[in-house]
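Chains Y and Z, in that order, are what the protein sequence lines are.
Start counting the first sequence at 1111; every next residue gets the next number (the numbering used here).
Start counting the second sequence at 1111; every next residue gets the next number (the numbering used here).
Number of protein chains: 2
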Amino acid sequence: MTGFHLNLSLLTPGHFRQAWRLPHVDPRAHLDIGHFERLARAAEDASIDAVFLGDGPALGPGIENAPGTGLDPLILLAHLSGSTDRLGFVITSSTTYNSPYNLARRFNALDHVSRGRAAVNIVTTATPAAAANFGLDRHLDKETRYRRAHEFLDVVTRLWDAWEPGAVVGDRASGRYADVNLIHAIDHHGEFFSVRGPLPVPAGPQGRPVIVQAGGSEGGLGLAGEFADVVFTVAQTRPKAVAFRQDIRRRAAAAGRRPDDVKISLGVVVLVSETEEEARRRERELHGTLPLETLAAAVIADLGLPADAFGPDDVITVDDLPDAPPQAAFSVGFSESTRALIAERPMTPRELVHRSAGGSGHRLLVGSPARIADDLEDWFRAGAADGFTVMPADTAVDFENFTRLVVPILQERGLFQKDYPAPTLRERYGLPRPRQATTVRPPLTR
Amino acid sequence: MTGFHLNLSLLTPGHFRQAWRLPHVDPRAHLDIGHFERLARAAEDASIDAVFLGDGPALGPGIENAPGTGLDPLILLAHLSGSTDRLGFVITSSTTYNSPYNLARRFNALDHVSRGRAAVNIVTTATPAAAANFGLDRHLDKETRYRRAHEFLDVVTRLWDAWEPGAVVGDRASGRYADVNLIHAIDHHGEFFSVRGPLPVPAGPQGRPVIVQAGGSEGGLGLAGEFADVVFTVAQTRPKAVAFRQDIRRRAAAAGRRPDDVKISLGVVVLVSETEEEARRRERELHGTLPLETLAAAVIADLGLPADAFGPDDVITVDDLPDAPPQAAFSVGFSESTRALIAERPMTPRELVHRSAGGSGHRLLVGSPARIADDLEDWFRAGAADGFTVMPADTAVDFENFTRLVVPILQERGLFQKDYPAPTLRERYGLPRPRQATTVRPPLTR
């Protein structure tokens, strides 16, 4: 059995954002590098493929109630690459608020210093708070953001490819260091960017860092089909996940790629304890921390329903829903995922908040280690995913409970690797090394 | 005796860029993280304050002959912060090709994850090659670059200060995480930037990362007086260095700061071996690698002299020089430094290339460990500097020769620390923690 991949989210205090209120949690843990170093070691001891961090460059709403966005993930994970040997790093970066040259160069550097363990999770960033930190009165509309993201990835991948193998000659006797005929300017002039290139140094061990894509809108899916090595997605129901995976594989084929060259990593929030009873007790405890009214209102708004139409315990049926997710939804993927849940069975806003892990949007999976392993195995065997991005409900407990209790079961069943089978993340995911399309480029001239 | 600080440059293969041609040097060492990890450990074992990397976001000229700009230094040094405990990191970043919000956030993160060991070396980047990677037809003129740098640092320092102490409340019982009256938007609207702020997280252990400034032009000196904690500078002659230090201290006082609150770190290229003879032999060997004609032509151009007026062995006197460094000089600081050398004694372009470490522009210091230590002590006691940024001539040899052979002498003389006296770089440099000017800011509203 191949292709079962596991990433673990480092989000702290957890995907239940109010987990900081529990007595065993340090409310400042998201600023404590010692905390992250412990998690990274636990992940590496369990042969986890990569750790993951989401991001948005702004102080989000709700800081009164919980820590939101944390430390810049590129810096945090570059640091962790220095205290680990095999663990991979999936780092969320915005195509709207970075320049492609800087981003290409930074991930090139991370690929070198981590010896092939770098992945970039491309997002377009949809919040007005971020726009205001970068000189924009309001954030770009979705269509424009994805057009920019497309051009951005085109530039970045060409920069990563611009040194052909053999460009570094290093002939001591003649003093010839490099063959400039094998180092290409990209001379890009597009709608959003003009970039001459090349990068100052050749590609790292992966050729290109792994590209992860997380948006579920039409623009995001188009980007995924063309550029993504891994698609990080959300699904509350198995049929929806299976259909999504088939759709992405079709899109990759339509873009001239092999369907197996794009992997689906399904997000799932995990709350796991040694016994079912203890897991349920902890679930009740976490639910007790939630600001239910606020979260219920957010769920209702994301479904496109009127703010005062449903109380927390009023049942929503599929007939109550509008024909499609609202344009203003925070995320089309999350909104569609919630709709699928209601289509299975009518639910109250309170249930929806609980089932989506306190409003994180992802499916909540609670129970004993065997129950968690059974669930992941079932979804995997049903073709719902090539692997999972596991998001701890309460990171202080569930991160290490997952690595210590669930991973060994998956390993014993022959589903998950007992050791790292290859040094680079790209090889471990079973992804090809992209070929370089060098022939179309002009040689570097100065 | 306090105030003798030592930084070490990681530039690879060395400040003699052609050092890669020597038989013991790996021509790809600048891409090898193992190489940098060994250097970082050697530096930390010697209680070196910080390692340093210059930078420019472009493939520079001369890749035919030598590796130029290397890996992105922010990523490389963030990685090294994960495999060291006490060593500081001085990382060159461009104010012209970064956005202030991203830069402020990344150095805030580095300060957290390194536990107070982050310093940013601010440069404005003067090369057309960099401009072409960021959508500019030609690079901004110097005056505009420094006006932008000034506004940039104003924004960055205010972002670093925007969370007042005590803003994180973390009251588990009430669920109140933060006091929004102590977290301030900066609401900046200037000539170059509009930035709302604040950062998503509070300041790190240093309050603000250390700010280093390296430009010797009038714009750079103005910036140094107002913002710099450390000024990194070049001088070929001691009187020039003493005068420069006095000038910077006066500028700091004029900006309302204490003169002792800005430290001068003087660049010096070091070639050191156990014996004087061996050092001289290695110097001849390194000189043999130089493309002398090219480097002599560059020196002549930087002095503002006609290209064909002087051969490599024609003597240049002070009377040959124009009244001031040319506007087109790569660096005013380097050009003035070379002028001072010629004013001391007439010299040929060949001598100038040798004395400036193969065209690096900095003073070359060659000899036995005792000779190197004597020189640094003399310059320090003369008031030429508060410390040195030591740049290995051939990094594969001189980095560890310096830490292993020269540092112990400086320690025995009571000049340099035998152990790290404080955890943060700011404290070790003897710099104050800047006070936060919170009263002028509007409270954060959403």
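Idealized CB from N, CA, C, for every residue including glycine.
Query - Against chain Z: residues of the segment 1305-1339 of chain Y by CB proximity under 9 Å - result: For the segment 1305-1339 of chain Y, which is checked against every Cβ of chain Z, the residues closer than 9 Å are Val-1305, Arg-1306, Gly-1307, Pro-1308, Leu-1309, Pro-1310, Val-1311, Pro-1312, Gly-1314.
Query raised in the report: In three-state DSSP terms, what is Z:Leu-1116?
Result: Strand at Z:Leu-1116.
**Report entry** CB of Z:Pro-1456 within 8 Å of CB of Z:Phe-1420, strictly
**Finding:** No, these two residues do not count as a Cβ contact at 8 Å.
**Report entry** Coil, strand or helix - Y:Thr-1499 by DSSP
**Finding:** Correct three-state label for Y:Thr-1499: strand.
**Report entry** Same chain only: Cβ atoms within 6 Å of Y:Gly-1326, ignoring 5 sequence neighbours per side
**Finding:** Apart from sequence neighbours up to five positions away, the residues of its chain that approach Y:Gly-1326 with a beta-carbon distance below 6 Å are Val-1442, Gly-1443, ordered along the chain.
Requested in this report: Answer yes or no: does any C-beta atom of chain Y fall closer than 8 Å to that of Z:Val-1233?
Outcome: Z:Val-1233 does not count as touching chain Y.
Requested in this report: Say whether chain Z places a C-beta atom closer than 8 Å to the C-beta of Y:Ser-1203.
Outcome: Not a single CB atom of chain Z sits nearer than 8 Å to the CB of Y:Ser-1203.
**Report entry** Min CB distance Z:His-1397 to chain B below 8 Å
**Finding:** The structure shown contains no chain B; its protein chains are Y and Z.
Query - Cβ neighbour criterion (16 or more within 10 Å) applied to Z:Gln-1128 - result: That one is buried.
Query - Proximity to Y:Lys-1252 [Cα-Cα], best of Y:Leu-1197, Y:Ala-1236, Y:Leu-1190 - result: With distances taken between Cα atoms, Y:Lys-1252 lies closest to Y:Ala-1236.
Query raised in the report: Of all the alpha helix (DSSP H) runs that stay within the bounds of the segment 1228-1277 of chain Y, which reach a length of 4 or more residues?
Result: Taking only runs of at least 4 residues, the alpha helix (DSSP H) segments lying wholly in the segment 1228-1277 of chain Y are 1238-1241, 1252-1270.
Query raised in the report: Excluding five sequence neighbours on each side, which residues of the same chain lie with their C-beta closer than 7 Å to the C-beta of Y:Ala-1152?
Result: Cβ within range, chain order: Phe-1509, Glu-1510, Thr-1513.
Query raised in the report: Looking at the structure shown, is Y:Asp-1339 part of a helix, part of a strand, or coil, going by DSSP?
Result: Y:Asp-1339 falls in the coil class under three-state DSSP.
**Report entry** Segment contact flag, the segment 1124-1140 of chain Z with the segment 1148-1164 of chain Z, C-beta cutoff 8 Å, min 3 pairs
**Finding:** Verdict: no, contact absent.
Query raised in the report: So who's on the other strand from Z:Ser-1304, going by DSSP bridges?
Result: Beta-bridge pairing links Z:Ser-1304 to Z:His-1299.
Query raised in the report: Taking C-alpha atoms, which residue in Y:Thr-1399, Y:His-1397, Y:Asp-1418, Y:Gly-1398 lies nearest to Y:Ala-1407?
Result: Distance from the Cα of Y:Ala-1407 is smallest, within the candidate group Y:Thr-1399, Y:His-1397, Y:Asp-1418, Y:Gly-1398, for Y:Asp-1418.
Query raised in the report: Would you say Y:Pro-1123 reaches chain Z, if we count a Cβ-Cβ gap shorter than 8 Å as a contact?
Result: No, because no Cβ of chain Z sits closer than 8 Å to the Cβ of Y:Pro-1123.
Query raised in the report: Rounded to a whole number of angstroms, what is the C-alpha to C-alpha distance between Z:Leu-1141 and Y:Pro-1533?
Result: In a straight line, the C-alpha of Z:Leu-1141 is about 17 Å away from that of Y:Pro-1533.
Report task. Quick one: measure Cβ to Cβ for Z:Leu-1118 and Z:Val-1500, integer angstroms, because I've assumed they're closer than 8 Å. Result -> Between Z:Val-1500 and Z:Leu-1118 the Cβ distance is about 5 Å, and since that is below 8 Å, they are a contact.
Query raised in the report: What whole-angstrom Cβ distance do Y:His-1115 and Y:Asp-1496 have, given they're in contact under 8 Å?
Result: About 6 Å; that satisfies the 8 Å criterion.
Query raised in the report: Who pairs with Z:Arg-1286 in a beta bridge, going by DSSP?
Result: Listed as beta-bridge partners of Z:Arg-1286 by DSSP are Z:Asp-1281.
Query raised in the report: Assuming Y:Arg-1258 and Y:Phe-1302 make a contact with CB atoms under 8 Å, what is their CB distance in whole Å?
Result: Their Cβ separation, rounded to whole angstroms, is 5 Å, which keeps Y:Arg-1258 and Y:Phe-1302 in contact under 8 Å.
**Report entry** Cut-off 6 Å between Cβ atoms - residues of its own chain near Y:Pro-1177, not counting five sequence neighbours on either side
**Finding:** Excluding five sequence positions before and after Y:Pro-1177, the CB atoms of its chain that fall closer than 6 Å to its own CB belong to His-1140, given in chain order.
Requested in this report: Jot down the residue ranges of each uninterrupted alpha helix (DSSP H) in the segment 1409-1451 of chain Z, minimum 4 residues, whole runs only, in chain order.
Outcome: Within the segment 1409-1451 of chain Z, no complete alpha helix (DSSP H) run reaches 4 residues.
Query raised in the report: Z:Val-1320 and Z:Tyr-1539: beta carbons closer than 8 Å?
Result: The answer is yes: Cβ separation under 8 Å.
Query raised in the report: Are the C-beta atoms of Y:Pro-1416 and some chain Z residue less than 8 Å apart?
Result: It does not: the Cβ of Y:Pro-1416 has no partner Cβ on chain Z nearer than 8 Å.
Query - Interface flag, Y:Asp-1182 vs chain Z, CB-CB below 8 Å - result: Look at Y:Asp-1182: its C-beta is under 8 Å from a C-beta on chain Z.
Query raised in the report: Mapping DSSP to helix, strand and coil, what is Y:Phe-1146?
Result: Looking at Y:Phe-1146 - three-state DSSP - the assignment turns out to be helix.
Requested in this report: Can you say whether Z:Pro-1183 is buried or exposed, counting buried as having 16 or more other CB atoms within 10 angstroms of its CB?
Outcome: Answer is buried; the Cβ neighbour count reaches 16.
Query - Reference Y:Leu-1333, options Y:Leu-1292, Y:His-1397, Y:Asp-1264, Y:Arg-1348, closest by Cα - result: Ranking the options by Cα distance to Y:Leu-1333, first place goes to Y:Asp-1264.
Report task. Under the assumption that Z:Asp-1476 contacts Z:Ala-1389 (Cβ atoms under 8 Å), give the Cβ distance between them as a whole number of angstroms. Result -> What sits at residue 1476 of chain Z in the sequence shown is Val, not Asp. Z:Val-1476 to Z:Ala-1389, Cβ: 5 Å. Contact.
Query raised in the report: For the segment 1461-1474 of chain Y against the segment 1370-1379 of chain Y, are there 3 or more C-beta pairs whose distance is under 8 Å?
Result: Under the three-pair Cβ rule at 8 Å, the segment 1461-1474 of chain Y counts as touching the segment 1370-1379 of chain Y.
Query raised in the report: Shortest alpha-carbon distance to Z:Leu-1181 belongs to which of Z:Gly-1524, Z:Asp-1195, Z:Glu-1328, Z:Gly-1164?
Result: Measuring from the Cα of Z:Leu-1181, the nearest candidate turns out to be Z:Gly-1164.
Report task. Could you tell me whether the Cβ of Y:Gly-1493 comes closer than 8 Å to any Cβ of chain Z? Result -> Nearest CB-CB separation between Y:Gly-1493 and chain Z: not below the 8 Å threshold.
**Report entry** For Y:Asp-1412 and Z:Arg-1556, the rounded distance between their alpha carbons
**Finding:** The pLDDT assigned to Z:Arg-1556 is 44, lower than 50, so where the model puts this residue is not dependable; a value taken from the coordinates is nonetheless given after this. Each residue's CA atom was taken as its position, placing Z:Arg-1556 and Y:Asp-1412 some 20 Å apart.
Query raised in the report: For Z:Gly-1332, does the three-state DSSP call read helix, strand or coil?
Result: Judged by DSSP in its simplified three-state form, Z:Gly-1332 adopts helix.
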